[in-house]
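Notes follow once the structure below has been shown.
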Amino acid sequence: MTKLTGIAASDGIAIAKAFLVEEPDLSFEISKSNDSQQEKERLAKAIADSKVEIEKIKAVASKSLSEEEAQVFDAHLMVLEDPELQQAYTQKIDDDALNAESAVRQTADFYIEIFKGMEDNPYMQERAADIKDVTDRLIAHLLGIKIPDLSTIDEEVVVVAYDLTPSDTAQLNRQFVKGFATDIGGRTSHSAIMSRSLEIAAVVGTGNISKEINDGDMVIVDGLNGDVIVNPDDETIAAYEKIAADFLARKAEWEKLKDAETLTKDGKKFEIAANIGTPKDLEGVHSNGAEAIGLYRTEFLYMDSDEMPTEDEQFESYKVVLEGMNGRPVVVRTMDIGGDKHLPYLQLPEEMNPFLGYRAIRIGLKQPELLRVQLRALLRASVYGTLRIMFPMISNVAEFRAAKAIYEEEKAKLEAEGVEVADNIQVGIMIEIPAAAVLADQFAKEVDFFSIGTNDLIQYTMAADRMNEHVSYLYQPFNPSVLRLIKNVIDASHKEGKWTGMCGEVAGEPMAAPLLVGMGLDEFSMSASSVLKIRSLISKLDSKEMADLANKVVTEATTSDEAEAFIKDAVPELADL
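Going by the UniProt record's numbering, the final residue of the sequence shown carries number 577, and the count climbs one at a time with no gaps.
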């Protein structure tokens, strides 16, 4: 029996035979060709065949994944059809007399190394993985090698691999694939995110699981704690069967809370909302009992289009979501483009550090025609539900006033045109920049609400890119400096009679829930699949005890580890999750 430890990527316990994914041998000798036309024809056919495959995989993925998650295959199609890449391939075939596979490999390796080296830009680093996935598919076609088809699995297994590409993960049938384990990866990798949507147990980043296992070995994947046990004895299997049964029983208990309010043990009410990327995500919102939408990421409207979406196109999307929530609140974040989100039809400047550059509200204020179209669409849709508009990446009060002025101007224009606009729209900001968190008392006098975006707030506070392996240890949600900023924002809003939500990943983190309850966070917004777990945990907490805990952590903890230790000691219920 062998035990390996990795990163718990998706909750659950899987016990089954290993299905070892053998990496196809795509090696070949770089070679020349005397017939460039024939090589270009081979390349064109490989591109066409790869396109058919990717579109097929995307169609399968869209049935089990959210539209936001399935959009990775749009990125793959963009790579496949990128004219700059295709020109580079053909130029190597013509100028260097290379055969097609050699031209593709040399070109792709050049771009992959460039993108992998962009440690300050996670978006571009992810593109390296996309290029590799697409390149491997292209070369496999050119070499006549079949890529493993995981969709053909027809018995209960645990998939084990060096890594799983988005294409691999999208083909997993959760009826048969009970879990997976990989050598590399993290919680924010494509495969990890998809595993949570598929609700299959997953452990990533084990280091060498694919070398420690043989096809058919019995495997336990503990997605709760990040462990993988190879060839367990009967006693260990029995112990994990009990853990699995207990976990399923907890999930069944959580299901009973689907239509319940979110109340602490002593009766204090909170609101648990869900984050969405497209109207199609509404199904998950309702099936998991979310009470609102705390973050509608409208940038996917822009990213899923070949041109800037029109006012009417945006209006229809916002209307569907507002109507679909039947009067429950919907917080819509205005266009958050830039940083790691690029539009091929919107020319943005090349920047050394795009996350601190021209993005989000900064684009909206510099190019107000873009913001005006979106605000008009939102204002027109407002009569179909309860709308709350949130401006992202606000760093100072002047920016909020400028954005709010554009909002007021467009509202007045519509009303002058005789267009009905709701009279209960709230306008707030996303708190993700430390400067805004520090000045929350002044912002609170002017906004209707705050929503804390912890993903960026933590990175900016700690000056650490969480996707950079050399400094990722500094991405510390429980660092006392971060916790003090969060508490400052909540206290400032309450002093002015306003409310504060949280839409970053910390909102769905069980360890954070006791602190946030104690701080008085009004709304928790998270992935829909986390809603019932957090609601169940909150129901076991006493708000007054959690307030004492929050005060102790914020005033006494000096490190992230100390803060977590305080929480674990005070909340034994966390051990059951």
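Glycine included, each C-beta is placed from N, C-alpha and C at the ideal position.
Practice task
Would you decide whether Tyr473 is buried or exposed? Buried here means 16 or more other CB atoms lie within 10 Å of its CB.
Solution key: By one-based count along the sequence shown, residue 473 stands at place 473. Counting Cβ neighbours within 10 Å, Tyr473 comes out exposed, since fewer than 16 surround it.
Exercise for the section: Please go through the region 236–305 and give each complete beta strand (DSSP E) segment of 3 or more residues, from N-terminal end onward. Expected result: 269–276 and 292–297
Exercise for the section: Grab me the residues of Asp94's own chain with a C-beta within less than 6 angstroms of its C-beta, minus the 5 sequence neighbours each way, in chain order. Expected result: Reading the sequence shown from its first residue, position 94 is the one you call residue 94. Same-chain partners within the cutoff: Ser36.
Handout entry: Through-space distance from Lys258 to Glu545, alpha-carbon basis
Key = Position 545 of the sequence shown, counting from 1, holds the residue named residue 545. Position 258 of the sequence shown, counting from 1, holds the residue named residue 258. If you take the alpha carbons of Glu545 and Lys258, they lie about 26 angstroms apart.
Exercise for the section: Along the alpha helix (DSSP H) that carries Met78, what are the first and last residues, could you check? Expected result: Walking along the sequence shown from the start, residue 78 turns up at place 78. Val72 to Leu80 is the extent of the alpha helix (DSSP H) around Met78.
Handout entry: Leu172 versus Glu235: straight-line alpha-carbon distance, rounded
Key = Position 172 of the sequence shown holds residue 172. Position 235 of the sequence shown holds residue 235. Spanning the two alpha carbons is a distance of roughly 30 angstroms.
Handout entry: Rounded C-alpha distance that separates Val177 from Leu198
Key = Position 177 of the sequence shown holds residue 177. Position 198 of the sequence shown holds residue 198. If you take the alpha carbons of Val177 and Leu198, they lie about 10 angstroms apart.
Practice task
Give me the Cβ distance between Phe449 and Lys498, rounded to the nearest whole Å; I'm assuming they're in contact under 8 angstroms.
Solution key: Working through the sequence shown from its first residue, we reach residue 449 at position 449. Working through the sequence shown from its first residue, we reach residue 498 at position 498. Indeed they touch by this definition, with Cβ atoms about 6 angstroms apart.
Handout entry: Distance between Leu142 and Leu577 (C-alpha atoms, nearest Å)
Key = Position 577 of the sequence shown holds residue 577. Position 142 of the sequence shown holds residue 142. Whole-angstrom Cα-Cα distance: 48 angstroms.
Handout entry: Through-space distance from Asp266 to Asp120, alpha-carbon basis
Key = The residue you call residue 120 lines up with position 120 of the sequence shown. The residue you call residue 266 lines up with position 266 of the sequence shown. Model confidence at Asp120 stands at a pLDDT of 47, short of 50, so the residue's coordinates are unreliable and nothing is read from them.
Exercise for the section: Kindly confirm or deny that the region 241–252 and the region 179–195 touch, where touching means at least three C-beta pairs closer than 8 angstroms. Expected result: no
Practice task
Write down the C-beta distance between Ile47 and Leu138 rounded to the nearest angstrom, noting that I regard them as a contact closer than 8 angstroms.
Solution key: Mapped onto the sequence shown, residue 47 falls at position 47. Mapped onto the sequence shown, residue 138 falls at position 138. 7 angstroms between Cβ atoms; contact.
Exercise for the section: Kindly indicate the opening and closing residues of the beta strand (DSSP E) around Ala563. Expected result: Locating residue 563 in the sequence shown gives position 563, counting from the first residue. From DSSP, Ala563 is part of no beta strand (DSSP E) but of the alpha helix (DSSP H) over Ser560 to Ala570.
Exercise for the section: Go to Glu408, then tell me how far its alpha helix (DSSP H) extends in each direction, as first and last residue. Expected result: If you number the sequence shown from 1, residue 408 lands on position 408. Counting along the chain, the alpha helix (DSSP H) containing Glu408 begins and ends at Val397 to Ala416.
Practice task
Could you tell me the distance, in whole angstroms, from the CA atom of Met393 to the CA atom of Asp82?
Solution key: Here the question's residue 393 lines up with position 393 in the sequence shown. Here the question's residue 82 lines up with position 82 in the sequence shown. Approximately 31 angstroms between the Cα atoms of the pair.
Handout entry: Range covered by the beta strand (DSSP E) that runs through Arg333
Key = As a position in the sequence shown, residue 333 is number 333, starting the count at 1. Where Arg333 is concerned, the enclosing beta strand (DSSP E) stretches over Pro329 to Arg333.
Problem - Three-way DSSP call (helix, strand, coil) for Asp120 in this model - result: Residue numbering aside, residue 120 sits at position 120 when the sequence shown is read from its first letter. With a pLDDT of 47 at Asp120, under the threshold of 50, the predicted position of this residue should be treated as unreliable, though the coordinate-derived value follows. Reduced to three states, the DSSP call for Asp120 is coil.
Problem - At least three beta-carbon pairs within less than 8 angstroms, the region 9–20 to the region 216–228 - result: yes
Practice task
For Ala59, count neighbouring Cβ atoms within 10 angstroms of its own Cβ and tell me buried if that reaches 16, exposed if not.
Solution key: As a first step, residue 59 must be located in the sequence shown, where it is residue number 59. Exposed, because fewer than 16 other Cβ atoms sit within 10 Å of the Cβ of Ala59.
Handout entry: Where the alpha helix (DSSP H) containing Glu307 begins and where it ends
Key = What you label residue 307 is simply residue 307 of the sequence shown in a count that begins at 1. Glu307 -> no alpha helix (DSSP H), and no H or E assigned at all.
Practice task
With a 10 Å radius around its C-beta and 16 neighbouring C-beta atoms as the bar for buried, classify Asn353 as buried or exposed.
Solution key: On the sequence shown, residue 353 is found 353 positions in, with the first residue counted as 1. Exposed, because fewer than 16 other Cβ atoms sit within 10 Å of the Cβ of Asn353.
Exercise for the section: Determine contact between the region 543–558 and the region 475–489, defined as no fewer than three beta-carbon pairs at a distance below 8 angstroms. Expected result: yes
Exercise for the section: Using alpha carbons as the reference points, say which of Lys280, Ala140, Arg388 and Ala273 lies closest to Asn288. Expected result: Along the sequence shown, one-based indexing puts residue 288 at 288. Of the candidates Lys280, Ala140, Arg388 and Ala273, the one whose C-alpha sits nearest the C-alpha of Asn288 is Ala273.
Handout entry: Reference Ser536, options Trp254, Glu53 and Ala108, closest by Cα
Key = Numbered from its first residue, the sequence shown carries residue 536 at position 536. That would be Trp254, whose Cα lies nearest to the Cα of Ser536.
Practice task
Mark Phe19 as exposed unless 16 or more other C-beta atoms lie within 10 angstroms of its C-beta, in which case mark it buried.
Solution key: Residue numbering aside, residue 19 sits at position 19 when the sequence shown is read from its first letter. Buried, since its Cβ has 16 or more Cβ neighbours within 10 Å.
Exercise for the section: State yes or no: is the C-beta of Glu573 within less than 8 angstroms of the C-beta of Lys540? Expected result: For the purposes of this step, residue 573 is taken as the residue at position 573 of the sequence shown. For the purposes of this step, residue 540 is taken as the residue at position 540 of the sequence shown. Against a cut-off of 8 angstroms, the Cβ pair of Lys540 and Glu573 comes out as a contact.
Handout entry: Nearest-angstrom beta carbon gap, Val330 and Ala360 [assumed within contact, 8 angstroms]
Key = Translated into the one-based positions of the sequence shown, residue 360 becomes position 360. Translated into the one-based positions of the sequence shown, residue 330 becomes position 330. Not a contact, Cβ separation roughly 19 angstroms.
Practice task
Starting from the Cα of Gly294, find the closest Cα among Gln175, Gln314, Lys268 and Gln426 and give me that residue.
Solution key: As a position in the sequence shown, residue 294 is number 294, starting the count at 1. Per the Cα distances, Gln426.
Practice task
Please name the residue, chosen from Pro514, Leu346 and Phe315, that lies closest to Glu307 on a Cα-to-Cα basis.
Solution key: In the sequence shown, counting from the first residue as 1, residue 307 sits at position 307. If we check each option's Cα against that of Glu307, Leu346 comes out closest.
Exercise for the section: Using beta-carbon positions only, say whether Asp183 and Thr169 come within less than 8 angstroms of one another. Expected result: Taking the first residue of the sequence shown as position 1, residue 183 is located at position 183. Taking the first residue of the sequence shown as position 1, residue 169 is located at position 169. It is not a contact, given that the beta carbons lie outside the stated cut-off.
Exercise for the section: Closer than 8 angstroms by C-beta to Lys279: which residues in its own chain qualify, once you throw out the five before and the five after it? Chain order, please. Expected result: Working through the sequence shown from its first residue, we reach residue 279 at position 279. Correcting the residue identity first, residue 279 is Pro in this sequence and not Lys. So the list reads Ser317, Val320, Val321 and Gly324, once near-sequence residues are dropped.
Practice task
Give the secondary structure of Asp542 by DSSP, where H, G and I count as helix, E and B as strand, and everything else as coil.
Solution key: Here residue 542 refers to the residue found at position 542 when the sequence shown is read from its first residue. Coil.
Handout entry: Beta-carbon proximity list for Ala464, same chain, < 6 angstroms, skipping 5 on both sides
Key = As a working note, residue 464 is residue 464 in the sequence shown. Correct list, in chain order: Val471, Leu474 and Tyr475.
Handout entry: Where Asp222 sits in the DSSP three-state scheme
Key = The residue labelled residue 222 in the question sits at position 222 within the sequence shown. Of the three classes helix, strand and coil, the one that applies to Asp222 here is strand, per DSSP.
Handout entry: Residue interval of the beta strand (DSSP E) (run including Ser10)
Key = Taking the sequence shown and counting its residues from 1, the one referred to as residue 10 is at position 10. From DSSP, the beta strand (DSSP E) with Ser10 extends over Ile7 to Ser10.
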